[in-house]
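Input: a single structure, listed below in structure tokens.
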Amino acid sequence: MGDTTLTAAEAETAFWDSLKKSNTGMLGLDQPGYHAQPMTAFREEETGTIWFFTRDDTDLAKDAALPGGQDAMFHYGSKDQNVWACIQGQLSVHGHDREIIDRHWNPVLAAWYPDGKDDPHLTILKFDAGDGRIWVNEGGFFKFAYEIAKANATDTLPDTGGVRDVNLQ
Numbered sequence: 008m009g010d011t012t013l014t015a016a017e018a019e020t021a022f023w024d025s026l027k028k029s030n031t032g033m034l035g036l037d038q039p040g041y042h043a044q045p046m047t048a049f050r051e052e053e054t055g056t057i058w059f060f061t062r063d064d065t066d067l068a069k070d071a072a073l074p075g076g077q078d079a080m081f082h083y084g085s086k087d088q089n090v091w092a093c094i095q096g097q098l099s100v101h102g103h104d105r106e107i108i109d110r111h112w113n114p115v116l117a118a119w120y121p122d123g124k125d126d127p128h129l130t131i132l133k134f135d136a137g138d139g140r141i142w143v144n145e146g147g148f149f150k151f152a153y154e155i156a157k158a159n160a161t162d163t164l165p166d167t168g169g170v171r172d173v174n175l176q
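Residue numbering for the sequence shown follows this note's numbering, starting at 8 and increasing by one per position.
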């Protein structure tokens, strides 16, 4: 990606900070033929757990309900395109947890549940993050454009940031 030195701790911090600002990514089971879908992620700071709200009648909720959970992947790209991540983890059904619902409830979530916080189809998925790879480019669009122009002018590779493997457990 470039010659920027990025530590695992810096990559992890950039990912978590970015996820607070722009929390939509693609979530799916890690198995052949299964396609990821857009989901809003809510991180629990204390444990590193990522929560996803869904309806209990969705394919994802039904498939994640198998005993022991399922291997899953969360793909993320920040709104500003400075942080990208592919995170492996375990996805399971946590159920209807009122404390988590109250903590993260917002108008966007409310639109999916006609009966509000007490909607009988509201359920929460728990994603226990494991290994992943995070790409970070803190320079933004103008630094990226400069690096591309410089690389083309000097026949060198652009420095577009750093990449690091992480373990988010």
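Ideal Cβ placement from N, Cα and C applies to all residues, glycine included.
Inset, instruction - Name the residue from Ala160, Gln176, Ala71 and Glu154 whose alpha carbon lies nearest to the alpha carbon of Thr130. - result: Ala71
Legend entry - Cutoff 8 Å; reference His101; Cβ partners in own chain excluding five residues on either side: Non-local C-beta neighbours of His101 in its own chain, meaning closer than 8 Å and more than five positions away in sequence, comprise Trp58, Ile107, Thr130, Ile131, Leu132 and Lys133, ordered along the chain.
Inset, instruction - Give the secondary structure of Ala79 by DSSP, where H, G and I count as helix, E and B as strand, and everything else as coil. - result: Ala79 falls in the strand class under three-state DSSP.
Inset, instruction - Please state if the CB of Gly137 and the CB of Gln7 are separated by a distance shorter than 7 Å. - result: Here the chain has residues from 8 to 176 only, and residue 7 is not among them.
Legend entry - Close Cβ partners of Ala118 (< 8 Å) along its chain, the five nearest in sequence each way excluded: none
Inset, instruction - Can you say whether Phe149 is buried or exposed, counting buried as having 16 or more other CB atoms within 10 angstroms of its CB? - result: exposed
Legend entry - Where Val115 falls, given that 16 or more other Cβ within 10 Å makes a residue buried: exposed
Legend entry - Cα-Cα separation between Asn174 and Cys93, rounded to whole angstroms: 11 Å
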